[in-house]
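Per this note's numbering, the sequence shown runs over residues 17 to 250. Every residue, glycine too, gets a C-beta built ideally from N, C-alpha and C. The structure presented is a predicted model; accordingly, all values stated were derived computationally and were not measured. To keep things clear, I will list the structure first and then write my remarks on it.
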Amino acid sequence: MLNHFTKELHTLISILKDSSFRLSYCSEEFRDENEKLISDAAHPMVCSSEYREEEIASKNITYGSYCISMKKKWAISNKLNPVLYIDKNSHVAIGLKTLLLRRKKTQKGSSFPRLAVMQIKCFTKDVKGYNSHFDEKDFDFKYENEWRYVPEKKDIGNYYISIDNSRYKQVLEKAKRDSIKDKYNKRLESFPLKFNENDIEFVFVENEIRILEQSFPFLNGKVRKYTWKYTPKK
């Protein structure tokens, strides 16, 4: 099953009420074997981790003590895909580096498949590396066993699949100062990743099982108390 974790109960309830996950831009960098920055951009996505119910109790989760677990059949039908974890010294990493550098030198409208290269990059991640979400070096990404939904441009009103990360961070900082939603993620609100109640395998909470089952009768028998070790990051 595909598990989407969150820190707050109200976020979980919002997901259930809307029957959808909101997309958000996530900063992703790609460095070569010499730690040279090759690509630094933000891409729209929804992230989940693949764990079976019987193994999730043994996991150390950093993203929250609330979770909605989706059936893999739903994930596949909506074109989610497991992340390809790569070592910086591998042939795969060297090949991706070559494609990304070629993409930088190629103008839009050329025969070079610029968008296809970026779509591949959106589904690759270092085995270990810098985690911008937690500002942590040597983060073990592979441990997360991540799946992603990354839309095509047509799925989000022909909006950006890739935004230069420095520009994205500037917009985020300004929005934070002004106490408003940043323009990039606000635009994505109109294009959520949808599901129906039959797509849900389980919902995990802290102690609110009765509240969830009363608020959402279709969850009767599907709500569990979370069992994993939750280690929040600062």
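DSSP three-state assignment for residue i, whether helix, strand or coil
i	result
threonine 78	coil
tyrosine 159	helix
lysine 238	coil
leucine 209	strand
serine 231	helix
asparagine 201	helix
arginine 94	The question names arginine, but residue 94 is asparagine in the sequence shown. Asparagine 94 falls in the coil class under three-state DSSP.
lysine 88	helix
valine 133	helix
aspartate 215	helix
Straight-line gap, residue i to residue j (C-alpha atoms, nearest Å)
i	j	result
arginine 193	lysine 199	14 Å
cysteine 83	isoleucine 227	15 Å
serine 43	aspartate 180	9 Å
lysine 153	valine 99	19 Å
phenylalanine 232	serine 35	11 Å
phenylalanine 37	serine 30	9 Å
tryptophan 244	arginine 118	43 Å
lysine 124	glycine 111	21 Å
glutamate 24	glutamate 224	12 Å
leucine 235	asparagine 212	12 Å
lysine 113	serine 206	33 Å
alanine 58	glutamate 222	32 Å
tyrosine 246	serine 127	48 Å
glutamate 71	alanine 109	30 Å
glutamate 51	tryptophan 163	25 Å
glutamate 229	serine 195	34 Å
arginine 183	isoleucine 177	14 Å
phenylalanine 150	lysine 185	15 Å
alanine 191	lysine 197	6 Å
threonine 122	lysine 169	20 Å
Extent of the continuous beta strand (DSSP E) run through residue i
i	result
histidine 149	First-last for histidine 149: undefined, no H or E at that position.
serine 65	53 to 66
Which listed residue (the options) has its alpha carbon closest to that of residue i
i	options	result
arginine 47	Ile177, Glu70, Ser106, Leu28	Ser106
serine 65	Lys87, Asn201, His59, Lys52	Lys87
phenylalanine 21	Lys104, Pro60, Lys75	Lys75
cysteine 63	Arg203, Glu160, Tyr175	Glu160
leucine 96	Tyr165, Ser127, Met134, Phe139	Tyr165
isoleucine 77	Glu217, Asn19, Asp151	Asn19
phenylalanine 218	Asp56, Tyr67, Ser40, Leu39	Tyr67
leucine 204	Ala191, Ser40, Leu32, Met17	Ser40
isoleucine 92	Met17, Gln186, Gly237	Met17
lysine 238	Glu69, Ala191, Lys169	Glu69
tyrosine 79	Thr27, Tyr101, Thr122	Thr27
Beta-carbon proximity of residue i to residue j, cut-off 8 Å
i	j	result
phenylalanine 157	lysine 141	yes
tyrosine 146	phenylalanine 139	no
proline 60	proline 167	yes
tryptophan 90	aspartate 171	no
tyrosine 242	serine 55	no
aspartate 103	valine 143	yes
asparagine 94	leucine 188	no
leucine 53	glutamate 45	yes
Range covered by the alpha helix (DSSP H) that runs through residue i
i	result
serine 116	As written in the sequence, residue 116 is leucine, which differs from the serine given in the question. Note, leucine 116: alpha helix (DSSP H), 107 to 121.
isoleucine 31	25 to 34
leucine 188	181 to 194
isoleucine 72	69 to 72
Residue i: CB within 7 Å of a non-hydrogen atom of the ligand GTP
i	result
proline 167	Within the structure as shown, the ligand GTP is missing, as the structure has no ligands at all.
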